[in-house]
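In full-length UniProt numbering, the protein residues as written are 1 to 385. One structure below.
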């Protein structure tokens, strides 16, 4: 019985600790003891996941290691007396916002504050993660008319559409990953696996985000700005820049935690990027091991993320080299075209050769196939041909 609850011990411990952060920050010894406990339990959950389902075991390893990272941020990096979040108040006709610091202890507001801090990985609504252009409520001088928000029915329809699209993409990805390939078509298999894995991860993550938005905004009456898009626009794939794939296209669910911890332990500059990818590699490697127990595949997943900064550096070097050899772009219109083509080609080659290290991870593959889809549109269409 306790084994099934093991993955929930780290988040529960962090939440309870967040309720008493002002007290805990008086003693580094207490915080170290709490962090050691969270880390030990998380490692135990990674090594011995309690479920028989590959998807649940993958998520167990993933979030167990994530709470090792997230707990380090909350217990050692953030300063509780300096943290502030946007708090909604006012009448139903008019919604106002104000910055809320650490609420009084043993109050309902303190529990809400601690819950948001320990579970809001993106830091939406918190001052320390506020975008440069501010949060939408602040652009209206702190007061927003309720009628200014999108009507609930169109929003609900948009989220339902997102959920349906995510389901179809995940279904399609599962069927593509089940296909058999001839040896002479290994190149096509690699491309198909990269695309299918990306579609599966997008479908699963964006589908859950749409469901959370549907419940939080459409049914519970929250604000849509608190659920910004996870993924960027596909147009950034046009140049195939590795830094754009990870920085502008892929989801930012854990970016805040990676960055704050990396900036705390690494000097400014490229070292921060490297540490971010190392942390991401360890995170996904933990998930891979929990789902498959395959140490070789786990290492390849880790190497994949560690190699990504090399792709960023390679493309930056090609870009700078072409500029250095050809001189100013104004001298010839062909120079920018050559530069973009070489950068694009380097991105395609890099993706083709490194992404299979992660896409062919048996733990991830079993997790994708373990996603419960009671009805398969793709299988139905394939059966009709």
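Where a beta carbon is used, it is the ideal one built from N, C-alpha and C, also for glycine. These figures come from a predicted structure and were not determined experimentally.
**Q.** Distance, residue 240 Cα to residue 334 Cα
**A.** 19 Å
Q: Report all residues from its chain with a CB closer than 8 Å to the CB of residue 169; omit the five preceding and five following residues, and keep chain order.
A: In its chain, beyond the 5 residues on either side, 199, 200, 202 and 203 have a beta carbon closer than 8 Å to the beta carbon of residue 169.
Q. Which two residues bound the contiguous beta strand (DSSP E) that contains residue 89?
A. Membership of residue 89 in the beta strand (DSSP E) is indicated by the continuous run 85 to 89.
Q) Helix, strand or coil: which one does DSSP assign to residue 379? A) helix
Q | Per-residue burial, residue 13 [other beta carbons within 10 Å of its own, 16 or more giving buried] | A | buried
**Q.** Enclosing alpha helix (DSSP H) for residue 324 [first to last residue]
**A.** 295 to 326
Q | Residues bridged to residue 162 (per DSSP) | A | None, per the DSSP bridge assignment.
Q) For residue 28, is the classification buried or exposed, using 16 other Cβ atoms within 10 angstroms of its Cβ as the cut-off for buried? A) exposed
Q. Using a Cβ-Cβ cut-off of 8 Å (strictly less than) and excluding sequence neighbours within five positions of residue 11, which residues of its own chain qualify?
A. Closer than 8 Å at Cβ, skipping near neighbours: 63, 67, 118 and 119.
Q: Report the rounded CA-to-CA distance for residue 407 versus residue 247, giving the unit in angstroms.
A: Absent from the structure is residue 407, since the part of the chain shown begins at 1 and ends at 385.
(Q) Please state whether the Cβ-Cβ distance between residue 121 and residue 273 is less than 8 Å. (A) no
Q.
Restricting to Cα atoms, I'd like to know which of 111, 114 and 364 is closest to residue 405.
A. Past the edges of the chain, shown from 1 to 385, lies residue 405, and the structure says nothing about it.
(Q) Here's the rule I'm using: 16 or more other beta-carbon atoms within 10 Å means buried, otherwise exposed. How should residue 57 be labelled? (A) Counting Cβ neighbours within 10 Å, residue 57 comes out buried, since at least 16 surround it.
Q: Give the single residue among 326, 360, 279 and 309 whose Cα lies nearest to the Cα of residue 297.
A: 360
Q) Could you give the residue range of the alpha helix (DSSP H) that holds residue 263? A) Element bounds for residue 263: 255 to 265.
Q) In the DSSP assignment, what are the bridge partners of residue 100? A) 85
Q | residue 391 - DSSP class collapsed to helix/strand/coil | A | In this structure the chain extends from 1 to 385, so residue 391 is not present and cannot be described.
Q: Within the same chain, show all residues whose beta-carbon is closer than 6 Å to that of residue 60, passing over the 5 residues directly before and after it, in chain order.
A: 7, 45, 49 and 290
Q. If we ignore side chains and look at the alpha-carbon of each, how far apart do residue 88 and residue 134 end up?
A. 16 Å
Q: Can you tell me the Cβ-Cβ gap for residue 285 and residue 258, rounded? I've got them flagged as a contact below 8 Å.
A: Not confirmed; about 15 Å, so no contact.
Q: Take the Cβ of residue 209 as the centre, count every other Cβ of all protein chains shown within 10 Å, and call the residue buried at 16 or more, exposed below.
A: Counting Cβ neighbours within 10 Å, residue 209 comes out buried, since at least 16 surround it.
Q.
Does the structure place the region 69 to 88 close enough to the region 123 to 130 that three or more beta carbon pairs sit under 8 Å?
A. yes
Q: Taking only the alpha-carbon atoms, compute the straight-line gap between residue 260 and residue 17 and give it to the nearest angstrom.
A: Rounded to whole angstroms, residue 260 to residue 17 spans 19 Å at the Cα level.
Q: Answer with buried or exposed for residue 79, where buried requires no fewer than 16 other C-beta atoms within 10 angstroms of its C-beta.
A: exposed
**Q.** CA-to-CA distance, residue 26 to residue 102, given in whole angstroms
**A.** Residue 102 and residue 26 have their C-alpha atoms roughly 15 Å apart.
Q) Does DSSP put residue 19 in a helix, a strand or coil? A) DSSP places residue 19 in coil when its eight states are reduced to three.
Q: Can you tell me which of the three DSSP states residue 232 falls into?
A: coil
Q) What number of angstroms, rounded off, separates the C-alpha of residue 146 from the C-alpha of residue 358? A) Below a pLDDT of 50, predicted positions are generally treated as unreliable, and residue 146, at 49, falls in that range; no measurement from the model is reported.
Q) Within 10 angstroms of its Cβ, does residue 144 collect 16 or more other Cβ (buried), or is it exposed? A) Its pLDDT being 48, under 50, residue 144 is placed unreliably in this model, and the coordinates cannot settle the point.
**Q.** Per-residue burial, residue 256 [other beta carbons within 10 Å of its own, 16 or more giving buried]
**A.** buried
Q.
What does the Cβ neighbour count give for residue 213, buried or exposed, with the cut at 16 atoms within 10 Å?
A. buried
Q | residue 337 - DSSP class collapsed to helix/strand/coil | A | Correct three-state label for residue 337: helix.
Q) Closest to residue 313 by CA distance: which of 269, 381, 171 and 97 is it? A) When only C-alpha atoms are compared, the closest one is 269.
Q.
With a threshold of 6 Å on Cβ separation, who are the neighbours of residue 41 within its own chain once the five nearest residues in sequence on each side are excluded?
A. Cβ neighbours of residue 41 beyond the five flanking positions: 9 and 10.
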